[in-house]
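Below: one structure, written as structure tokens.
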Amino acid sequence: MDRWEALLLCLCLVTSQSGAAEATQELRSWMEKMEMVPKGRILSHLAQYIRQLEWRLLNTSFTGCNLTVQTRSIQSLAFKLGCDFSGLFLSSSTLEPIPGTPARHAMQFPAELTRGTCQTNPRELRLICVYFSTSFFFQDDANSSLLNNYVLGAQLGHSHVNNLREPINISFWHNQSLDGYTVTCVFWKEGASKLSWGAWSPEGCRTEQPSPAQVLCRCSHLSYFAVLMQLSQAPIPAELLTPLTYISLVGCSISIVASLLTILLHFHARKQSNSITCIHVHLHTSVLLLNVAFLLSPLPAMPSLPGPECTVLAATLHYALLSCLTWMAIEGFNLYLLLGRVYNIYIHRYVLKLCMLGWGFPALLVLTVIAVKSSVYGPHVIPVSVSQENGMSFQNVSICWVRSPAVRSFLVVGYCGLTSLFNLVVLAWTLQVLRRLRAQEQAQGARACRDTVTVLGLTVLLGTTWALAFFSFGVFLLPQLFLFTIFNSLYGFFLFLWFCSQRCRAKAEAKTAAEKEAFSSSHMMQ
């Protein structure tokens, strides 16, 4: 009887091992099938391959506490965990290296990982990890570049693990220079894209660089992780972010109040309005819209809005900026007409045509961008560097803005550059005209103060302070950041001061004219 029991036990053991081997072979075959997926495959269909791989890992039978299956570009691991889980460290050095990918990676899971699941349903858990040495299955709309093309994923059973107090540490080592690049730890957010089955998002992850050859991601949830590489300028030091944010908030708030007061005063004096006054009103309105849009879009210290709300805010902010720059250029054009063509400057429906240009042309540009690719607008990541004893840490903050570098280059930097160049030329020409006119007068000293105010006012009116944006390099970066933020956040307030000075000058000139007329009348009566 003992002999039959032993034989039956051996038969069961062999059958179990044979079943586990067969399941492992099926898993490996599926991974090899994934590697054979054609490149032209619809991106939204790639999710089916990933979910099927996860399902097989979660349901595959295997002996022992762990399972490792590896193909040419995919490594799959499964672990049986209990509620006494004390943490786990996985390193690529313990796995068979993938040919052509010498870079190392590692994942460290805290003991807190299983705590929430064990409190609700204490049972044996399964942790699965999937490592991709290709970004083919995770292509977003922007076709983003990933460090080493590595994507490291992890999942605990069928549950969602997030909001961990002790983060999951994911390390990526590399042997390439990151000069000129901003590296950002991101995770794959399903359903965040229209064309693909997801998009890369930095939410819940913190980026650190303990050494020049390592990027460390500290994330509070489980997902698929990677390091996003973006060409950008140097990150903003964290110690400068708070004062710059405070200056922007206070300056824009003051400008909003000043613009509202100016518009109300213009409407109060609408009986004296002309084309010049109408152009001023539209410039004030565009500045008001720009400041409101900037304050409503998430400031760098606040989390960005998800979904379509952030897209609408980003498009509105872009439209407001383009409108403001266009009305600045219109002010320069109108100033040229006033000084260069003193006679015969009547243009049929002049203000209406300017309104079509000032409000319609920016709207056409923004609508064209949305029609071509709406994902251009959304959360724009701003890298902030934090100095630490063991290296440099990066904290990513965001604002609803233009995400595409190409669109920013042409429709932000290029548009602003053309406007600033045109208005600087107009300002230089205007100063030359004023100098020539003053040279013909005798009392130059008496008008020196008034001319200084005029020059400063024209500088503000034409928005030439926006040209400071082109000095954000080298030793100019720090003063440029503060000067640009101060001058342009208070742009509406400076316009208000210009309006007040012009109004006081008009009243003084009217009073002087009235006194001269009264003096002439009394002289004639004598």
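No gaps in the numbering here: position 281 of the sequence shown is 288 in my numbering, and each next residue is one more.
Note that beta-carbon positions come from the ideal geometry of N, C-alpha and C, so glycine has one too.
- In the structure shown, the three-state DSSP call for residue 270 is helix.
- In the structure shown, the three-state DSSP call for residue 380 is coil.
- For residue 217, no alpha helix (DSSP H) segment is defined; the enclosing uninterrupted segment is the beta strand (DSSP E) at 212-218.
- Note that the C-beta distance between residue 293 and residue 327 is below 8 Å.
- Around the Cβ of residue 498, a 10 Å sphere holds 16 or more other Cβ atoms; the residue is buried.
- In the three-state reduction of the DSSP assignment, residue 204 falls in the coil class.
- Distance between residue 206 and residue 430, taken at the CA atoms: about 41 Å.
- With respect to the 8 Å criterion, residue 383 and residue 411 are classified as neighbours on the basis of their beta carbons.
- The C-beta distance from residue 227 to residue 159 rounds to 16 Å, too long to meet the 8 Å contact threshold.
- Collapsing the DSSP output to three states places residue 143 in a helix.
- Collapsing the DSSP output to three states places residue 237 in a strand.
- For residue 288, the three-state secondary structure derived from DSSP is helix.
- Here residue 113 really is in contact with residue 97; their C-beta atoms are around 6 Å apart, less than 8 Å.
- For residue 62, no beta strand (DSSP E) segment is defined; the enclosing uninterrupted segment is the alpha helix (DSSP H) at 53-66.
- Counted as a single uninterrupted DSSP element, the beta strand (DSSP E) harbouring residue 188 occupies residues 188-197.
- The C-alpha of residue 440 lies about 16 Å from the C-alpha of residue 464.
- For residue 298, the number of other beta carbons within 10 angstroms of its own is at least 16, and it is reported as buried.
- The beta carbons of residue 163 and residue 181 sit no closer together than 8 Å.
- Ranking 233, 176 and 418 by CA distance to the CA of residue 372 puts 418 first.
- Rounded to the nearest whole angstrom, the CA to CA distance from residue 376 to residue 370 is 10 Å.
- Short of 7 Å from the beta carbon of residue 250, and not among the five residues preceding or following it, lies no beta carbon of its own chain.
- In the same chain as residue 258, and ignoring 5 residues on each side of it, the C-beta atoms closer than 6 Å to its own belong to 496 and 497, in chain order.
- Across the structure, residue 102 and residue 76 are spaced so that their CA atoms are roughly 10 Å apart.
- Excluding five sequence positions before and after residue 110, the CB atoms of its chain that fall closer than 6 Å to its own CB belong to 155, 180 and 181, given in chain order.
- Proximity to residue 208 across 444, 121 and 199 peaks at 199, based on C-alpha coordinates.
- The three-state secondary structure of residue 116, taken from DSSP, is strand.
- One Cα belongs to residue 178, the other to residue 504, and the distance between them is close to 55 Å.
- In this structure, residue 161 lies near residue 229, with their beta-carbon atoms less than 8 Å apart.
- Under the three-state reduction of DSSP output, residue 178 falls in the strand class.
- For residue 222, no alpha helix (DSSP H) encloses it; the enclosing beta strand (DSSP E) starts and ends at 221-226.
- Across the structure, residue 176 and residue 494 are spaced so that their CA atoms are roughly 42 Å apart.
- In this structure, residue 295 keeps its C-beta atom at 8 Å or more from the C-beta atom of residue 255.
- Leaving aside the five residues that flank residue 422 on each side, the residues in its chain whose CB is nearer than 7 Å to its CB run, in chain order, 329 and 332.
- Taking C-beta atoms as the reference points, residue 236 and residue 166 fail to come closer than 8 Å.
- DSSP, read as helix, strand or coil, puts residue 357 in helix.
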